[in-house]
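Trainee: Sending over a structure as structure tokens; questions will come in a sec.
Residue numbers (the working numbering): 1367 to 1941.
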């Protein structure tokens, strides 16, 4: 930046008049000196001489005033320039060039105090307008440190002869002559120094240059303080923006739906999960009244909103259903809490939503599964331990087939047939589940169940026996109470042995079932049981013979078996 300093508008005219008057007085003095007329009083000679001297002094004062005006103008221009930008490094380099020019200095440095209390160069420039690197700063550290610590400026016309610096290594080593150094103050605190020198010329700086550099130092200090404040605000703003972006990302990625509404019930904010749960885009929600957008929620939601507004107490676990625009039904769990600003003034309510639709569906499926598998087994079941392909386990298998159901179906309506079948199968299922057995499947009017898997049961044979007796007892009780003339009864077979239990099927359809000869044997025994009869194999009998009443019956010649199967008829449990 080259400061083009305009002259005062009247300076040229005044200068011309001063030169004219100076010439006129000089001419009068010359004329009077030549003539030396006795008729001219001596006072005239003295007056003309005095006038000439005054004119020269006035001219000198005029030039000094114009120089002062130019300096002040230059300083004001520098002040405007340095405060015109908050990117201070570039500005200070240009301003330092201008100061070097005004001061006739060889070099100029601006040094600031760091957080560690040490001075470090911020700007260094030479007379050729080149930057001086920090590792090439050959200055008097004595002068710089004294000005920084005392807060008083230092002016020396010849540092080599100045008694204050005799013997100072930096002064001697760098051959410093003219030095001018002033403190920079901001808010009453010294934050750095401005330093100018000339290693080639002594007597360069005067009080005038000291005042000029001091004035600039004050402006530079204010500008630096403003720049630091701006940088702090900018950094804080950047952190706030980064934090806001982070919060927006967190807000958007929260799995729970979040809505905020103002005190009038209008939606202020909405995250992505809430859009999905409610089946509406944020643009449809924000700014609109919640009651108008979701009229079905109004009877449940609005009283709770009002309660939060009035009491500042949260409302938790509020359940509601909403029909989405695409016709789907969504079940929501809502939690409401007061939304306050920094002054604890209520600004609205935050509504956190959990989609219960899938959870309720899973719970319904679990309840359905519990009708097939004992809840106690389900609670202990570790799904990660169920290996595809199955595991070999010893189990007790129970088959129960409804006798007479085929002929009964020939004379019954389908609705009646299903109702009767469900009643009998429910009785059998309840008896198995009560003993914590696993109902594998229903095959027409037959039930297959097993014990000792997936959770080990040391008394699994006894559990199967008790379940069979319970099936027979509940069916007999049902017949007595309903006075059925043509009752149906289960034929039951029980066998114990190894089987492979596991997930059988494909990726799209899996069954947790048991496969093996023990399963086939139990099925063959059941096929040979009479209505209301429970047959158990010899392996089962050996484990429970001390607990049950049973009698041997003729061995069963089962299809696919080379040897007859020894069996016993189960009569009951011993007291």
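Each residue gets a CB set at the ideal place from its N, CA and C atoms; glycine is no exception.
Once DSSP output is grouped into helix, strand and coil, what is the label at residue 1659?
Mentor: Helix.
Trainee: Would you report the Cα separation of residue 1726 and residue 1688, rounded to the nearest angstrom?
Mentor: Roughly 14 Å separates the two Cα atoms.
Trainee: Measuring straight from C-alpha to C-alpha, what distance separates residue 1585 and residue 1573?
Mentor: Straight-line Cα distance between these residues: approximately 19 Å.
Trainee: Taking only the alpha-carbon atoms, compute the straight-line gap between residue 1970 and residue 1484 and give it to the nearest angstrom.
Mentor: With the chain covering 1367 to 1941 only, the question about residue 1970 has no answer from this structure.
Trainee: Any heavy atom of the ligand SAM closer than 7 Å to the Cβ of residue 1478?
Mentor: The ligand SAM is not part of the structure shown, which contains no ligands of any sort.
Trainee: Does the distance from the CB of residue 1701 to the CB of residue 1715 come in under 8 Å?
Mentor: Going by C-beta atoms, residue 1701 is not nearer than 8 Å to residue 1715.
Trainee: Classify residue 1779: buried if its beta carbon has 16 or more other beta carbons within 10 angstroms, exposed otherwise.
Mentor: Exposed is the call here.
Trainee: Considering only their Cβ atoms, is the gap separating residue 1790 from residue 1854 smaller than 8 Å?
Mentor: Yes; because the gap between Cβ atoms is below 8 Å, this pair is in contact.
Trainee: Let me check understanding here. Comparing Cα to Cα, which of 1671, 1511, 1816 and 1472 lies closest to residue 1866?
Mentor: Of the candidates 1671, 1511, 1816 and 1472, the one whose C-alpha sits nearest the C-alpha of residue 1866 is 1816.
Trainee: Would you mind giving the Cβ-Cβ distance between residue 1900 and residue 1838, rounded to the nearest angstrom? I have them listed as a contact below 8 Å.
Mentor: With 8 Å as the limit, residue 1900 and residue 1838 qualify as a contact, their Cβ atoms being about 6 Å apart.
Trainee: Straight-line CA distance for residue 1926 to residue 1893?
Mentor: Looking at the two C-alpha atoms, the distance is approximately 13 Å.
Trainee: Whether or not the region 1507-1521 and the region 1486-1498 are in contact is what I'm after, with contact meaning three or more pairs of Cβ atoms, one per stretch, closer than 8 Å; do they touch?
Mentor: With a cut-off of 8 Å, the region 1507-1521 and the region 1486-1498 do not count as touching, because too few Cβ pairs lie within range.
Trainee: Thinking C-beta only, is residue 1699 closer than 8 Å to residue 1722?
Mentor: Closer than 8 Å, so yes.
Trainee: Would you grab the beta carbon distance between residue 1827 and residue 1797 for me? Rounded to a whole angstrom, and I think it's under 8 Å.
Mentor: That pair is no contact at about 16 Å.
Trainee: Tell me the DSSP secondary structure of residue 1925 in three-state form.
Mentor: Residue 1925 falls in the coil class under three-state DSSP.
Trainee: Helix, strand or coil: which one does DSSP assign to residue 1582?
Mentor: Residue 1582: helix per DSSP, three-state reduction.
Trainee: On a Cα-Cα basis, can you pick out the residue from 1802, 1810 and 1795 that is closest to residue 1771?
Mentor: When only C-alpha atoms are compared, the closest one is 1810.
Trainee: So residue 1856 and residue 1792 are supposed to be a Cβ contact under 8 Å. How far apart are they, rounded?
Mentor: So it is not a contact: roughly 13 Å between Cβ atoms.
Trainee: Quick check on residue 1903: does DSSP put it in helix, strand or coil?
Mentor: DSSP places residue 1903 in strand when its eight states are reduced to three.
Trainee: Let me make sure I understand the geometry here. Which of 1510, 1937, 1783 and 1825 has the alpha-carbon closest to that of residue 1858?
Mentor: Considering only alpha carbons, the answer is 1937.
Trainee: By DSSP, does residue 1472 sit in helix, in strand, or in coil?
Mentor: Residue 1472 falls in the coil class under three-state DSSP.
Trainee: How would you write the range of the alpha helix (DSSP H) that residue 1642 sits in, first residue to last?
Mentor: Per DSSP, residue 1642 belongs to the alpha helix (DSSP H) from 1638-1644.
Trainee: Exposed or buried, what is residue 1677 when buried is set at 16 or more other beta-carbons lying within 10 Å of its beta-carbon?
Mentor: It is exposed - the Cβ of residue 1677 has fewer than 16 other Cβ atoms within 10 Å.
Trainee: So, with DSSP's three-state summary, where would you put residue 1710?
Mentor: Residue state, collapsed to three classes: coil.
Trainee: Quick one: what's residue 1635 bridged to in DSSP?
Mentor: According to DSSP, residue 1635 bridges with 1626.
Trainee: Are at least three pairs of beta-carbons, each pair with one atom in the region 1537-1554 and one in the region 1454-1468, less than 8 Å apart?
Mentor: No, the region 1537-1554 does not touch the region 1454-1468.
Trainee: Label residue 1708 either buried or exposed according to how many other C-beta atoms from any shown protein chain fall within 10 Å of its C-beta, with 16 as the threshold for buried.
Mentor: Burial call: exposed.
Trainee: Consult DSSP for residue 1752 and reduce its assignment to one of helix, strand or coil.
Mentor: With a pLDDT of 49 at residue 1752, under the threshold of 50, the modelled position of this residue cannot be trusted; read the value that follows with caution. Note: residue 1752 maps to coil in three-state DSSP.
Trainee: For residue 1859, which three-state DSSP category applies?
Mentor: In the structure shown, residue 1859 sits in a strand (DSSP, three-state: E or B).
Trainee: Which residues bound the alpha helix (DSSP H) around residue 1506?
Mentor: Where residue 1506 is concerned, there is no enclosing alpha helix (DSSP H), given that its DSSP letter is neither H nor E.
Trainee: Flag this pair as touching only if the region 1874-1891 and the region 1912-1920 have three or more C-beta atom pairs under 8 Å; answer yes or no.
Mentor: The region 1874-1891, when compared against the region 1912-1920, does not touch it at the 8 Å Cβ threshold.
Trainee: Across the region 1620-1637 and the region 1649-1659, are there enough close Cβ pairs to call them in contact, namely three or more that are closer than 8 Å?
Mentor: Contact between the region 1620-1637 and the region 1649-1659 is present, because at least three Cβ pairs lie under 8 Å.
Trainee: Counting along the chain, where does the alpha helix (DSSP H) carrying residue 1788 start and finish?
Mentor: Taken as a continuous stretch (DSSP letters only), the alpha helix (DSSP H) holding residue 1788 covers 1780-1800.
Trainee: Leaving out five residues on either side along the sequence, give the residues of the same chain with a beta carbon under 8 Å from the beta carbon of residue 1713.
Mentor: So the qualifying residues of the chain are 1628, 1629, 1705, 1706 and 1707.
Trainee: Determine the contact status of residue 1508 and residue 1537, defining contact as a CB-CB distance below 8 Å.
Mentor: For residue 1508 and residue 1537, yes; Cβs fall inside 8 Å.
Trainee: Where are the beta strand (DSSP E) runs, 3 residues long or more, that stay fully inside the region 1495-1570, in chain order?
Mentor: List check, beta strand (DSSP E) in window: 1520-1522, 1544-1552 and 1555-1564.
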